[in-house]
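Undergrad:
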Amino acid sequence: MPLRFFIILLLGTPLYAATPLVLTDTQQTYPLASHIELLPDPQAQLTIEEASDPSFADRYISSPIGAGIPLAWARFTLQNDALQNDRWIVLMEIQGYELFELYVPDPAAPGRWVVKRGSDGLPFSEWDVKHRYPALRLSLEPGQTGTFYLRLHNVGDEPLILFLSLWSEAAFSARDHDEQVLLGIYYGIIAVMVFYNLFLYFSLRDRAYLYYVISMSFACIWFANFNGIGKEYVWTEIGSPWGFWRIHPLTACLFWLWQLVFVRSFLHTRAHTPRIDRLLWALIGVNALAVAAALMGQHQYFIPYIFFFLNLEWFLVLVTAIVIWRRGFRPARYFLIAWGTHIAGVFLLFLVVYGWVARSFISWNALQVGHALEAILLSLALADRINILREEKEQEEESSRQAQLRAQTAELQAQIAEQELQTARTLQMGLMPTTPPTLAGFELAGRCLPASEVGGDFFQYFEQDGKLSLCMADVTGHAMEAAVPVMMFSGVLETEMQYGHSVERLLTQLNQLLHRKLDRRTFICFAIGEVHLETRSLRLANVGCPPLYHYRQATGRVVELEGGGYPLGVQPEGVYAATEIALAPGDRIV
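Residue numbers (the numbering used here): 109 to 698.
1) Report yes or no: do three or more beta-carbon pairs, one from the stretch 668–677 and one from the stretch 609–622, lie closer than 8 Å?
2) Please classify residue 339: is it buried, with 16 or more other beta-carbons within 10 angstroms of its beta-carbon, or exposed?
3) Going by the beta-carbon positions, is the gap between residue 429 and residue 440 smaller than 8 Å?
4) Within this structure, are the beta carbons of residue 330 and residue 259 separated by less than 8 Å?
5) DSSP beta-bridge partners for residue 225?
6) Measuring straight from C-alpha to C-alpha, what distance separates residue 359 and residue 210?
7) For residue 382, report the span of its alpha helix (DSSP H) as first-last.
8) Return helix, strand or coil for residue 343, following the three-state DSSP convention.
9) Taking the beta strand (DSSP E) that residue 335 falls in, what are its first and last residues?
10) Closest by CA to residue 203, which one among 455, 271, 691, 151?
11) Check residue 356 in the structure and name its three-state DSSP category.
12) Among all the DSSP beta bridges, which residues are the ones paired with residue 575?
13) Three or more beta-carbon pairs under 8 Å between the stretch 625–644 and the stretch 580–589, yes or no?
14) Using the Cα positions of residue 245 and residue 302, report the straight-line distance between them to the nearest angstrom.
15) Could you check what DSSP says for residue 185 in three-state terms: helix, strand or coil?
16) Please classify residue 680 as buried or exposed, where buried requires at least 16 neighbouring CB atoms within 10 angstroms.
17) CA-CA distance, residue 621 and residue 657?
18) If I follow the unbroken alpha helix (DSSP H) through residue 472, where does it start and stop?
19) Helix, strand or coil: which one does DSSP assign to residue 273?
20) Starting from residue 659, follow its DSSP beta bridges and name the residues at the other end.
21) So if DSSP puts residue 220 in a beta bridge, which residue, or which two residues, is it bridged to?
22) Which word fits residue 253, buried or exposed, when buried means at least 16 other C-beta atoms lie within 10 angstroms of its C-beta?
23) Taking just the CA atoms, how far does residue 598 sit from residue 539?
24) Just to confirm the assignment, what range does the beta strand (DSSP E) spanning residue 259 have?
25) Check this for me: beta carbons of residue 321 and residue 332, under 8 Å apart or not?
26) So does the stretch 141–159 actually touch the stretch 182–189, counting three or more Cβ pairs closer than 8 Å?
27) From which residue to which residue does the alpha helix (DSSP H) around residue 615 run?
28) Assign residue 719 to buried or exposed, taking buried as 16 or more other Cβ atoms, counted over all protein chains shown, within 10 Å of its Cβ.
29) By Cβ distance below 8 Å, which residues in the same chain neighbour residue 569 in space, the five residues on each side in sequence not counted?
30) For the candidate residues 337, 471, 399, whose alpha-carbon lies nearest to that of residue 292?
31) Under 6 Å Cβ to Cβ from residue 136, same chain only, skipping five residues before and after it: list those, please.
32) Do you know how far the Cα of residue 650 is from the Cα of residue 678?
33) DSSP has residue 633 in a bridge; who is on the other side?
34) Could you check if residue 250 is buried or exposed, using at least 16 other CB atoms within 10 Å of its CB as the buried criterion?
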């Protein structure tokens, strides 16, 4: 919505060589941009006599966009081949110029010039043409060719934006009549929406209605300033372009500030998207700083940053509405449609400026048309929101009663489940030793700490025939899903250990038994270390458990002991191997 947005678009217009503009009876309006030449005058020192002197002719440059020049003379040449029109109007379709003067050759005094003025630097009563945009009259008899000069100065040394066109008086009058009607419709729509929703606010006391009214009011003032309606009918006698340049950023930032407040209230962002809600608060703060800068007359330093944040706000609000709508908040659908009309208006204006869509009053004022539709749709969205919230409140009350009953049931079930888990934990812990065996020359330590009440972790010691077997297992899954298989595995392991199998044979037997008993989603990672107490040697096998480590006292080094083979129960047949390690005094196996 800010003016600089249009400036950025216009700066993408290609350059053309300035050529005389031929006027005919078949065409009533002409763009002047491609026929303009500029003579930079940054110090405002040149007079019309110097600017029109032939010695300055080669200093003019062709630049329909102003080339970043804040103050300059401009010239254009007209060749009037029209037999019916000799009165024309030069129209500058943008506000904010401190100086906009047209120098027309005086037919009664050759070498003299008649000056026509119309800019924000003058009270509206002194404008040459009483129109919402600066407009100046010129005359050119049929069959004649004439060169005309413009003196241009943008306020605050902003770059010139030469959005100029030439109209016959009849076409200009018809255009002005049509535009006044359509602009009246726009401001009528906004007025109706503002007063209607203000009435609803006092009736319902829903602050979203108040935020809507405030944001729409500031948007209306912004558009009145931008399209000149304010200059024509409200602040008519303010003879300073600073009125335009201060009102413009001030109302834009106030509109966005209250628009963001409205978005937060309407979409309940604090509840639905807390992180985005914090971003919206940050952007509200940025707009508040911009408002303060505009009030203090320092807006020119803040404007380059605020426009970045305005574009960010467009995108962020759209994303927020989409996210909240996808999460099931029904009023967000109307908000999305309303916001879409706003973005569509911006996009259509972009296409018009670049010449990809034919210009008409509707397309040129697409942003304003989009805003009018947005105002209507947001008002409907507010009404729908009230109905939806009423339905949701009734549903919530019923859901609350049902939820209370379910909560009581769930609490009872949780108590039962807790008792069952505690019983299962007691049984599982009972399968494992509480103290390790005491053996001369060896020190043993082991403890099981499951992540939940019960799990698939297990360890055990077996001592027989001069050997000590240390077993460790981990069943896939968690809680009861793993606790039941580990209890079964404890019994199977104890039975097989009684047969005195070798490590390799033990693993083969366990694998075959478990493959038959376990479902295909369950398997057991298992590690066994068989210590020969007399020879102090260790035979180790690890199938699926994390690596074991051997600390050698003699060298002070730690060696990773790799395992091999599939976990137990994965395949019906498996090949398993054990590694033999000699243990020295002071060595540790972890």
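We put the CB at the ideal spot given by N, CA and C, even for glycine.
TA: Taking the coordinates as given:
1) Touching, yes, given that three or more Cβ pairs across the two stretches are closer than 8 Å.
2) By the neighbour-count rule (16 or more Cβ atoms within 10 Å), residue 339 is buried.
3) Yes. Within cutoff.
4) The Cβ atoms of residue 330 and residue 259 lie no closer than 8 Å to each other.
5) Bridge partners of residue 225: 209.
6) If I take the Cα positions, the gap works out to 31 Å.
7) It spans 382–403 - the alpha helix (DSSP H) in which residue 382 sits, taken as one unbroken run.
8) Here residue 343 sits in coil by DSSP.
9) Under the DSSP assignment, residue 335 falls outside any beta strand (DSSP E); it carries neither an H nor an E label.
10) Of 455, 271, 691, 151, the residue nearest in Cα terms is 271.
11) In this structure, residue 356 counts as helix in the three-state DSSP scheme.
12) In the DSSP assignment, the residues bridged to residue 575 are 572, 640.
13) Counting Cβ pairs under 8 Å, three or more are found: they touch.
14) Roughly 39 Å separates the two Cα atoms.
15) Strand.
16) Looking at its Cβ environment, which holds fewer than 16 other Cβ atoms inside 10 Å, residue 680 is exposed.
17) Near 29 Å, if we compare the C-alpha coordinates of residue 657 and residue 621.
18) Segment 469–472, the alpha helix (DSSP H) holding residue 472.
19) If DSSP states are grouped into helix, strand and coil, residue 273 belongs with the strands.
20) BP columns for residue 659 point to 666, 696.
21) Bridge pairing for residue 220: absent [DSSP].
22) Classification of residue 253: exposed, given that the 10 Å Cβ count is below 16.
23) Rounded to the nearest angstrom, the two C-alpha atoms are 7 Å apart.
24) For residue 259, the enclosing beta strand (DSSP E) covers residues 253–262.
25) No, they are not a contact pair.
26) Flag = yes, the stretch 141–159 and the stretch 182–189 touch.
27) Where residue 615 is concerned, the enclosing alpha helix (DSSP H) stretches over 611–625.
28) A question about residue 719 goes unanswered here, because the residues of the chain that appear run from 109 up to 698.
29) Spatial neighbours of residue 569 in its own chain (CB-CB distance under 8 Å, excluding positions within 5 residues in sequence) are listed in chain order as 541, 544, 545, 552, 554, 576, 577, 578, 579.
30) Ranking the options by Cα distance to residue 292, first place goes to 337.
31) These residues qualify, in order along the chain: 276, 279.
32) For residue 678 and residue 650, the distance between alpha carbons rounds to 15 Å.
33) 582, per the DSSP bridge assignment.
34) Residue 250 should be labelled exposed.
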